[in-house]
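Accompanying notes for the structure given below.
Protein chains in written order, with the numbering used here: chain F, 1 to 266; chain P, 1 to 266; chain L, 1 to 283.
Shown next as structure tokens:
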């Protein structure tokens with residue numbers, strides 16, 4: 001355990017406060033049709049939080065607002081002593097470095113090798129010329145190999161990303177996110193493109209690796225069973241608002257009906 | 001950092017194996033550039049001197065001459081006429097030639113000569129062909145038209161033949177399966193696939209002919225090229241600018257027109 | 001159902017009137033589309049007819065043409081093979097250098113302009129417009145005209161020719177490059193943005209690997225075209241085989257002209273073969 005903490009490069013005592021607070025977060029893509037209606041949530045500095053709800057209800061928007069891939073229309077995003085909603089330029093980039101993200105479509109650079117994709121996680125930390133000439137610091141390269149081992153793809157380090165399967169690509173995505181040594185991991189439907197067995201493996205990997213490093217995870221997921229199995233806290237959204245907030249055991253059919261509407265699928 | 005690091009590191013090897021072929025290629029390219037530049041005496045002094053000349057040159061071009069409209073008008077209209085006639089004739093002649101060159105429709109002893117004819121038409125710059133025609137049929141628009149007809153055949157027949165060769169036989173089969181006669185098969189199975197592309201080629205060639213029709217005059221093929229060349233030789237650089245503006249305007253109008261035609265036949 | 005023209009793939013013109021038994025028609029093209037297509041045909045025919053009527057072609061020359069052409073080819077045979085080692089070879093090599101160096105220069109200049117013109121890379125419309133203007137201007141001016149300009153500035157010779165080729169090619173390469181960049185997948189770009197990478201790193205690591213094959217393909221394509229273009233620049237004094245051709249033409253040595261033309265033809269074919277080979281092996 002101590003080795004794992006040391007591997008992430010910081011002593012346990014130096015760890016910053018990793019809680020995330022959203023205050024009154026709102027987003028309108030079209031004027032008058034808000035996708036997020038003043039959402040306020042406080043996330044604990046560790047553990048997995050699953051956000052569930054039907055498509056179009058603002059789950060993905062919520063996640064993407066945190067690292068400003070989507071611009072919120074209003075509200076505050078308090079993380080690491082800053083309001084992320086107000087940052088711009090270099091400050092925003094510095095904040096983004098501390099937040100890792102895993103995507104539904106993996107979003108790897110297809111023509112690059114697995115190891116190079118993982119090393120891309122350090123792009124926020126290395127100078128562009130270093131990235132161009134592939135002269136990453138030795139410790140970054142070592143960490144990349146370590147992460148590839150941790151996700152079980154050490155033997156495929158030099159293979160091109162487009163030669164890998166979906167599940168393997170998502171593992172690379174996770175490794176890339178962890179390369180940032182983040183204080184928070186966001187996952188936007190990480191398993192939606194994967195088969196059931198691989199989905200479970202990916203969720204296991206994420207919660208395991210992040211749990212050991214003490215990184216809180218916020219997952220946007222539509223498979224309720226998967227969410228129940230791996231999350232310590234579940235947040236249900238419907239029409240841009242939080243309608244449920246509690247542990248997996250507290251989630252009853254009534255809540256699900258409120259979130260998803262209709263009973264035929266239960 | 002990690003346990004057993006030196007040994008593990010040795011086993012992992014380099015993250016980015018050196019691509020010797022690519023590296024050699026880049027070095028060769030760099031060496032060639034330096035070599036060729038030296039051949040042309042691309043010295044810095046010459047470049048600076050050229051910039052000086054360039055500045056004087058540009059100064060003499062501004063403002064453009066507002067006069068000699070008759071000369072400009074006759075030249076431009078003649079170029080336009082050359083472009084239109086040669087495109088229509090070229091397209092008309094390119095159709096049978098392209099058909100003859102299609103290997104999936106014609107036996108080898110027909111398609112091979114046709115392909116060589118097309119290659120011959122394409123190999124020479126229209127200006128060179130114009131020179132030959134000027135010597136053969138005298139100065140004037142006729143030589144220019146014939147030269148551009150040759151260029152058009154070279155371009156359109158080649159692409160037309162390729163388009164025919166690429167026809168998806170499945171669509172033809174599907175139409176045939178409905179019991180359609182040969183002509184209907186042609187109209188419904190073949191034509192829709194090639195027509196849109198064909199319009200694309202034809203409009204591209206129109207633009208190309210428009211550009212070249214302004215040039216064949218330099219060697220006696222009619223159009224504004226002769227006026228332009230004379231202006232250069234007389235050092236009437238302000239008139240040169242006027243002509244250039246007229247040419248560029250015509251070409252841009254041509255491009256807009258082509259875009260519109262292409263969209264109409266989408 | 002009215003029998004429109006039978007072809008497949010049409011559009012239903014207009015919605016049915018709700019509730020009423022409207023006649024359901026199907027025609028391949030909407031009335032507006034039909035009008036537009038008719039307009040194009042009309043324009044084409046009108047332009048052609050008008051051009052034929054007003055163009056200055058002396059009918060006698062036209063009748064004479066076949067005989068003149070035959071006479072020309074007769075004068076070209078036998079080909080003067082001696083012309084090759086003395087003059088043509090050196091000029092040909094110079095032409096190749098002009099084309100290659102010009103293409104390299106063009107690619108180097110076009111890369112930043114292409115980046116500037118791509119909608120997904122440059123967020124400021126004014127800059128994009130400026131870049132597009134550069135690209136369009138470069139394309140609209142023929143390489144011969146560029147050659148004339150550069151000969152006037154730098155004096156006759158291969159330097160003018162190289163710059164002419166370079167400046168003309170920037171528009172071509174830059175436009176295709178911008179299109180390739182705009183077609184790149186946005187996913188990896190989004191992912192690298194989320195890691196906090198600066199703009200330069202995102203371009204280098206997310207865009208460049210994606211457009212790399214297109215980039216080389218475009219450069220090769222333009223090089224092929226430039227070989228043809230370089231051959232004529234000598235006619236206006238910008239170096240290369242055009243000068244040899246010009247000399248032979250002025251002296252009416254048709255057998256030498258034939259030699260030059262054969263040499264040009266051989267080089268163009270060789271270049272095409274080379275390009276096809278590179279395309280299949282490397283890209």
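Here a beta-carbon is modelled for each residue, glycine too, at the ideal position from N, C-alpha and C. All of these numbers come straight from a predicted model, not from anything done at the bench.
C-beta contact flag for residue 214 of chain L and residue 171 of chain L at 7 Å: no
Going along the chain, which residues of its own chain have a beta-carbon closer than 8 Å to the beta-carbon of residue 201 of chain F, five neighbours each way excluded? 167
Which residues DSSP lists as bridging residue 249 of chain P, in chain order: According to DSSP, residue 249 of chain P bridges with nothing at all.
Using a Cβ-Cβ cut-off of 7 Å (strictly less than) and excluding sequence neighbours within five positions of residue 131 of chain F, which residues of its own chain qualify? 123
Answer yes or no: the CB of residue 89 of chain F versus the heavy atoms of the ligand ATP, is any distance below 6 Å? The ligand ATP is not part of the structure shown, which contains no ligands of any sort.
Closer than 7 Å by C-beta to residue 256 of chain L: which residues in its own chain qualify, once you throw out the five before and the five after it? Chain order, please. 80, 83 and 248
Which whole-angstrom value is the C-beta distance of residue 48 of chain L and residue 85 of chain P, which I expect to be below 8 Å? 7 Å
Out of L:129, L:239 and L:234, point me to the one whose CA is closest to residue 39 of chain P's CA. It is L:239.
Closest Cβ-Cβ distance between residue 59 of chain P and chain L: below 7 Å? no
What does the alpha-carbon distance come out to for the pair residue 139 of chain F and residue 177 of chain F? 16 Å
Could you check whether residue 148 of chain F and residue 157 of chain F sit closer than 7 Å to each other, using their CB atoms as the reference points? yes
Tell whether a beta-carbon distance below 7 Å holds between residue 93 of chain P and residue 153 of chain P. yes
Would you call the CB atoms of residue 136 of chain P and residue 68 of chain L closer than 7 Å? By the CB criterion at 7 Å, residue 136 of chain P and residue 68 of chain L fall inside the cutoff.
Would you say residue 14 of chain L lies against chain F (beta-carbon separation less than 7 Å)? Because residue 14 of chain L carries a pLDDT of 45, less than 50, the predicted location of this residue cannot be relied on, and no value is offered for it.
Over the uninterrupted alpha helix (DSSP H) stretch that includes residue 171 of chain F, give me the two end residues. 166-179
For residue 18 of chain P, count neighbouring C-beta atoms within 10 Å of its own C-beta (all shown protein chains included) and say buried if the count is 16 or more, exposed if not. exposed
For residue 248 of chain F, I'd like the list of residues in its chain whose CB is within less than 7 Å of its CB, leaving aside the five on either flank, ordered along the chain. 228, 231 and 234
Distance cutoff 7 Å, beta carbons only. Does residue 109 of chain F sit that close to anything in chain L? yes
Tell me, to the nearest whole angstrom, how far the beta carbon of residue 77 of chain P is from that of residue 206 of chain P; I am working on the premise that it is less than 8 Å. About 16 Å; that fails the 8 Å criterion.
Does any CB atom of chain P fall closer than 7 Å to the CB of residue 222 of chain L? no
Please report the Cβ distance between residue 56 of chain L and residue 140 of chain P, rounded to the nearest whole angstrom; I am assuming they are in contact, meaning their Cβ atoms lie under 8 Å. 6 Å
Using the Cβ count rule (16 or more neighbours within 10 Å means buried), how would you classify residue 21 of chain L? Reliability of the predicted coordinates at residue 21 of chain L is poor, the pLDDT of 49 falling under 50, and the value obtained from them is presented with this limitation in mind. That one is exposed.
Using DSSP with H/G/I as helix, E/B as strand and the rest coil, what is residue 236 of chain F? strand
For residue 101 of chain P and residue 116 of chain P, what's the separation of their Cα atoms in angstroms? Whole-angstrom Cα-Cα distance: 9 Å.
Tell me, please, whether the CB atom of residue 235 of chain P is closer than 7 Å to any CB atom in chain F? no
At a Cβ threshold of 7 Å, is residue 36 of chain L touching chain P? Cβ-Cβ to chain P under 7 Å: yes for residue 36 of chain L.
Chain-ordered neighbours of residue 68 of chain L on chain P, where CB pairs are closer than 7 Å: Going along chain P in sequence order, the residues near residue 68 of chain L (Cβ under 7 Å) are 136 and 137.
Chain P contact residues for residue 228 of chain L, given Cβ-Cβ distances below 8 Å: Per Cβ cutoff of 8 Å: 123, 124 and 125.
What does residue 72 of chain L touch in chain P if you count any residue whose Cβ is under 8 Å from its own? 132, 135 and 136
Proximity winner among L:265, L:253 and L:278, relative to residue 78 of chain L (alpha-carbon distances): L:253
Since residue 169 of chain F and residue 161 of chain F should fall inside the 8 Å C-beta cutoff, what is the C-beta to C-beta distance between them, to a whole number of angstroms? With a contact defined as Cβ atoms closer than 8 Å, residue 169 of chain F and residue 161 of chain F qualify at about 6 Å.
Run through DSSP, which three-state label would residue 29 of chain F get? strand
With residue 109 of chain F and residue 206 of chain L assumed to form a contact (beta carbons below 8 Å), what rounded beta-carbon distance in angstroms separates them? So it is a contact: roughly 6 Å between Cβ atoms.
Helix, strand or coil: how does DSSP classify residue 311 of chain F here? There is no way to answer for residue 311 of chain F, as the model of chain F reaches only from 1 to 266.
In three-state terms, what does DSSP make of residue 105 of chain F? coil
Cβ closer than 7 Å: which chain F residues qualify as neighbours of residue 205 of chain L? Near residue 205 of chain L (Cβ distances below 7 Å), the residues of chain F are 109, 120, 123 and 131.
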